[in-house]
Amino acid sequence: MAILLKNVILSLEEKESTLQQKVADLLKISPEQIQKLKIVKKSLDARRKNRIHFLYTLELSLLDEQETRVLDQPSLNLQVQKVFETALPAPGRIKRKPKFRPIIVGTGPAGLFAALKLTENGLPPMILERGKEIPGRVKDVEKFWHDGTLETESNVQFGEGGAGTFSDGKLYTRVNDPGVSAILETFFHFGAPSEILFIQRPHIGTDRLRQVVLAMRKHLQELGAEFKFQAKMTGLKIFHGDLRGAVINEQEEVDVSILFLALGNSARDTFRMLQNSGVAMEPKPFAIGLRVEHPQRVIDRIQYGPSAGHPRLPPAEYKLTYRSSKGRAVYSFCMCPGGFVIAASSENRGLVTNGMSLFRRNSPFANSALVVSVGVEDFGGNGPLAGMEFQRRWEERAYRLGGGNFRAPAQGVPDFLQIRDPSSIRETSLMRGIAPARLDECLPAFVVESLREGLPYFNRRMPGFSSSEAMLIGIETRTSSPLRILRKKDYQSQSVQGLYPIGEGSGYAGGIISSALDGMKAAEAVLKRFE
839 MAILLKNVIL SLEEKESTLQ QKVADLLKIS PEQIQKLKIV KKSLDARRKN
889 RIHFLYTLEL SLLDEQETRV LDQPSLNLQV QKVFETALPA PGRIKRKPKF
939 RPIIVGTGPA GLFAALKLTE NGLPPMILER GKEIPGRVKD VEKFWHDGTL
989 ETESNVQFGE GGAGTFSDGK LYTRVNDPGV SAILETFFHF GAPSEILFIQ
1039 RPHIGTDRLR QVVLAMRKHL QELGAEFKFQ AKMTGLKIFH GDLRGAVINE
1089 QEEVDVSILF LALGNSARDT FRMLQNSGVA MEPKPFAIGL RVEHPQRVID
1139 RIQYGPSAGH PRLPPAEYKL TYRSSKGRAV YSFCMCPGGF VIAASSENRG
1189 LVTNGMSLFR RNSPFANSAL VVSVGVEDFG GNGPLAGMEF QRRWEERAYR
1239 LGGGNFRAPA QGVPDFLQIR DPSSIRETSL MRGIAPARLD ECLPAFVVES
1289 LREGLPYFNR RMPGFSSSEA MLIGIETRTS SPLRILRKKD YQSQSVQGLY
1339 PIGEGSGYAG GIISSALDGM KAAEAVLKRF E
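Under my numbering, the first residue of the sequence shown is numbered 839, with each subsequent residue one higher.
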C-alpha cells in the first residue's frame, strides 16, 4: 500500500530536491520515515502572476506505524488517500494464427502501437511505409527546407514515424482511458525522458521522438516483424466483400486477410484508391487557418508577468478558443512554445505549414495554428473526397500567393485586422522563407471573417497577443483528416471484411496518444479472434 498526497506546492524559489523535507514538514514526520517518494503528477499554476508555483501529486511509502496517523490527520488542505496497487494482467499469446501474416500500412503511432500489440502477443506483422526510414527522410526534409526541392514520397507528411516525427511531439490527450498510461510507459521504455510520466502536458520533441521510433522499430524487428520502406500500398484485392490481398508499388501482390490502414491524414492518393475499391467512407469536418508566431519572450511576458525569465519556468504556452457570431469555432491548435514554423507540403504547387519543437523548446519563437471550423457543407462538392479537394484548392492558392518555390505568404496581425497591405514583415522561424501578402486572398471568406472576430478577443484574453510583434503565416490545412473510413464496433471496415481503418488518417484520432490508443485497441480486437 502507498499514500497519495495531492496539492503539494513548491514556489519558484524552492527546488524539487526539497520535496521530501517539505512533505515531512507538512505531515509532521521526519524525512527518514518516508521510505519512497514518487512524483505522480506535476503542473504549473500561473493563474496569479505574482504567485506562480508548481503543484505536485506524490505517492509515498511510509513506515507502517506512520500510515494510520497520517491518514487520520487533516493536513493543511492536502488530500491524502490510500493507493492500492493492482497488477495488470500479463499479455496473453494467441493460440492459433491466420493463414497470412497481417499487414499494417503506415508507421505513425497508430501503426507502430498496433504492431507492438500484435508482435508481443505472437503475431508479428509486415509493416508497409511509403516513405523512407528516418535518416533518409530527415535529409530529404532538410533539403526541401533549404532549396525547395520536394520529394513527394519523403517529406514532413510521409516517412517513418508519420507526420508526428516533425512536430512538437505532444503526448497528452483529452481521452480518458487506462491505456494512455501504458502508452506513456512504452515511450519511456524506448527512450523518452521520465518526466513524460508525470508532467501535466508532456511532450517529447521531434528530436527525441525520432530516437524513440527507431528504438521501437529495432525491438519489433528483433521479435519478427518485417518493415518495408518506400513500399506504398497502391491497390486492394477484394472478393465478395472479403479482403484477399494488397498491391505494393503497383507491382507486387501480397496475400492478406487482415490489414490495418494506419494512414496519415495526407494520404490523398491512397484515399482515392480506397474509394475506387469500394471502401465505405464519408467526408468529415475539420479546421483550417493560419500559423501565428510571436517572439517567445512576448508570450512569456503575457503569461508569466513579472516572473517571466525565471530559470525554473518553461517557455510559456497558451490555449485560446472563441465562438464567432456565426457559430464557428475559432481556436489555437498545436501550440509550439520555443518552436519553429515549418514548411510541410506533400504535393507540388501546394503550400502547407505546421509547427515543430525540439525537446528543449529553445527557439526564440512561439507559434500556434489559429484555425476555424469547416463543415461538410463548406466543401463546395459532393462525395467523401470533397474535403480533401477543398484543402488542396486553398493550398494551391497559398502557394501562388507566396510566389512559388514553397515560400509562405505572411502578414502582420495589425495589417490583417485592418484589411491593408503588409506594411512590415518581421523575422520568423520559417526556414523556407516568407513573402509579404494579403492573407485574406488564400482563405475562404468565412475563415477570414471568423479570424478577424477572434483575434481581438484573444488580445483581450492575452494583452499583446495581436500586437505588431505577431506574424501570421499561411496556410494551415492539415489539422485532421478530411474524411472518415467507416468501420464497425469490431474496428473492421463497414464494407470490407478484414480491413481495419485506424488512427488519425482514417478519421478516428487526433494526435500521437489517441492514434496510438486506437491502434492498440484495433490490434486487441484482432487478437481476440485468435485466442
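No residue lacks a Cβ here, since even glycine has one placed at the ideal position from N, Cα and C.
Just so you know, these numbers come straight off a predicted model, no measurement behind them.
Just so you know, the alpha carbons of Glu989 and Asn845 end up roughly 50 Å apart. DSSP places Tyr1295 in the uninterrupted alpha helix (DSSP H) bounded by Ala1283 to Arg1299. Shown here for Pro1121: same chain residues with a beta carbon closer than 7 Å to its own, the five before and five after excluded, namely Val1214, Phe1217, Pro1222, Ala1224, Gly1225, Pro1320 and Leu1321 in chain order.
Sequence-distant Cβ neighbours of Lys887 in its own chain, meaning closer than 6 Å and more than five residues away, are Gly1143. With a threshold of 16 other beta carbon atoms within 10 Å, Asp1107 falls short and is exposed. No Cβ-Cβ contact shorter than 8 Å links Leu1355 with Ile972. The stretch 978–1028 contains, as complete alpha helix (DSSP H) runs of 4+ residues, the segments 1017–1027 (chain order). Between His1148 and Leu882, the beta carbon gap of about 11 Å keeps them out of contact (Cβ cut-off 8 Å). A direct Cα-to-Cα measurement between Leu893 and Ala1246 gives close to 41 Å.
Here Leu1047 is buried: its Cβ has 16 or more other Cβ atoms, across all protein chains shown, within 10 Å.
By the neighbour-count criterion, in which a residue is buried when 16 or more other Cβ atoms sit within 10 angstroms of its Cβ, Thr987 is exposed.
By the Cβ criterion, the stretch 1164–1175 is not in contact with the stretch 1306–1313, since fewer than three pairs of Cβ atoms, one from each stretch, lie closer than 8 Å.
Leaving aside the five residues that flank Gln858 on each side, the residues in its chain whose CB is nearer than 7 Å to its CB run, in chain order, Pro869, Ile872 and Leu875.
Spanning the alpha carbons of Trp983 and Gly1271 requires a straight line of approximately 9 Å. With 16 or more other Cβ atoms inside 10 Å of its own Cβ, Met1054 counts as buried.
Straight-line measurement puts the Cα of Val1286 at about 40 Å from the Cα of Ile942.
Residue ranges of uninterrupted beta strand (DSSP E) with 3 or more members, entirely inside the stretch 1217–1268 and ordered along the chain, are 1246–1250.
Three or more beta-carbon pairs separated by less than 8 Å link the stretch 1340–1354 to the stretch 1100–1117, which places the two stretches in contact.
Pairing Lys1157 with Ser1353, the inter-Cα distance amounts to about 21 Å.
Non-local C-beta neighbours of Phe951 in its own chain, meaning closer than 6 Å and more than five positions away in sequence, comprise Ala1354, Gly1357 and Met1358, ordered along the chain. The alpha-carbon of Val994 is positioned some 51 Å away from that of Leu865. In this structure, Ile1257 lies away from Leu1281, with their beta-carbon atoms at least 8 Å apart. When beta bridges are read from the DSSP output, Tyr1160 appears opposite Val1168. When the beta-carbon positions are compared, Glu967 and Gly1002 stay at least 8 Å from each other. Cα atoms of Lys880 and Gly1127: separation of roughly 33 Å, rounded to the nearest angstrom. Taking the C-beta atoms as reference points, Glu1064 is found nearer than 8 Å to Ile965. Excluding residues up to 5 positions away in sequence, Ser1211, Val1212, Gly1213 and Val1214 lie with their Cβ nearer than 7 Å to the Cβ of Pro1123 in the same chain. In this chain, the alpha helix (DSSP H) harbouring Leu1052 covers Gly1043 to Glu1060. The C-beta separation of Phe1244 from Ser1183 comes to about 6 Å, placing the pair in contact by the 8 Å criterion. The three-state reading of DSSP puts Ser1333 in coil, since its state is none of H, G, I, E or B.
Checking the DSSP bridge columns, you'll see Ser899 partnered with Lys874. According to the DSSP secondary-structure assignment, Cys1174 is paired through a beta bridge with Asn1205. DSSP, reduced to helix, strand and coil, places Pro947 within a helical segment of the structure shown.
If the five residues before and after Ala1154 are omitted, its C-beta is found closer than 8 Å to the C-beta atoms of Ala884, Gln1134, Ile1137, Asp1138, Ile1140, Gln1141, Tyr1142, Ala1146, Pro1175 and Ala1204, all from its own chain and listed in chain order. Rounded to the nearest whole angstrom, the CA to CA distance from Arg1187 to Ser1095 is 38 Å. The three-state secondary structure of Arg1325, taken from DSSP, is strand.
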